[in-house]
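Below is one structure, written out as structure tokens; the observations come after it.
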Amino acid sequence: MYNLMKNTNKDLENNFYEAEKLRDSRNFNQAIKLFLDILEKKPNFLPALNNIANCYFQLNNLDLAEKYYLKCLKLDSNNLVSLNNLSLLYLKISKFKESLKILKVSLNKNSNQQHVVEKIAYCLTELGLFDEVDKFCEKFIKIYPKNKKILSYYR
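Residue 408 in our numbering is what sits at position 24 of the sequence shown, and the numbering runs on without skipping anything.
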């Protein structure tokens with residue numbers, strides 16, 4: 385799934401894949417432990433940081449999830465996965481302004497993200513910015529004319 389950096393020993397690579405298996409089988413606490421072990425050897429290893437954040441998100445430990453997503457973005461501000469995951473975290477706790485800001489950054493980095501467009505329209509609606517929702521949706525309805533979510537936000 386992830387290409388570990390060059391000069392990574394086989395044990396580290398095996399630990400990473402084992403941690404992913406634990407995460408995939410919903411053994412989030414065990415997965416976090418293995419990902420943290422990996423970070424002891426490779427402190428700025430973005431895939432491990434992002435996976436820790438995802439595990440904490442799944443455990444509903446949103447403060448720690450946010451902390452690790454922010455670490456990811458400090459290392460790579462262009463990382464769409466971390467941007468989009470952090471925006472989801474903010475949506476989950478109804479921080480629509482924060483989510484909207486991040487979603488706009490993500491969309492500016494890659495405009496071909498239909499799910500991000502949907503979430504931006506949702507945030508704008510939740511914030512009561514109906515004129516902005518209409519302008520935004522009008523633009524993206526031309527790109528995604530059959531998207532029912534985007535159409536539903538357009539007045």
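Positions of the beta carbon are idealized from the N, C-alpha and C atoms, including for glycine. Quick caveat, the model's predicted, so the values are computed rather than measured.
Could you pull out every residue in the same chain whose Cβ sits closer than 8 Å to the Cβ of residue i, ignoring the five residues on either side in sequence?
i	result
Asn462	Lys493
Ile525	Asn531, Ile534, Leu535 and Tyr538
Ile477	Leu446
Asn435	Ala403, Glu404, Arg407, Ala415 and Phe419
Val517	Ala505, Leu508, Thr509, Tyr537, Tyr538 and Arg539
Can you give the beta carbon distance from residue i to residue j, rounded, assuming they're within the 8 Å contact cut?
i	j	result
Leu443	Phe412	5 Å
Tyr538	Glu522	7 Å
Leu484	Leu446	Leu484 to Leu446, Cβ: 18 Å. No contact.
Asn428	Leu459	6 Å
Can you find the residues in the same chain that come closer than 6 Å, C-beta to C-beta, to residue i, ignoring five residues on each side of it along the sequence?
i	result
Leu420	none
Asn387	Residue placement at Asn387 cannot be trusted, given a pLDDT of 49 that sits under 50; what the coordinates show is reported in the next sentence. Same-chain partners within the cutoff: there are none.
Lys503	Leu487
Lys426	none
Val500	Leu487, Ser490 and Leu491
Considering only residues of the same chain and omitting the five flanking positions on each side of residue i, which have a CB-CB separation below 7 Å?
i	result
Tyr453	Ala437, Ser466, Asn469, Leu470 and Leu473
Leu418	Asn399, Glu402, Ala403 and Leu406
Cys439	Arg407, Phe412, Ala415 and Ile416
Asn393	none
Glu510	Phe480
Lys455	Leu433
Ala449	Ala437, Tyr440, Phe441 and Leu473
If you follow the alpha helix (DSSP H) that residue i is part of, which residue opens it and which one closes it?
i	result
Phe520	Phe514 to Ile527
Lys530	Taken as a continuous stretch (DSSP letters only), Lys530 belongs to no alpha helix (DSSP H), as it is neither H nor E.
Tyr453	Leu446 to Leu459
Pro431	Leu430 to Gln442
Arg407	Lys394 to Asp408
Leu418	Phe412 to Lys425
Uninterrupted alpha helix (DSSP H) stretches inside the segment 463–501 (no shorter than 4 residues): 464–476 and 480–493
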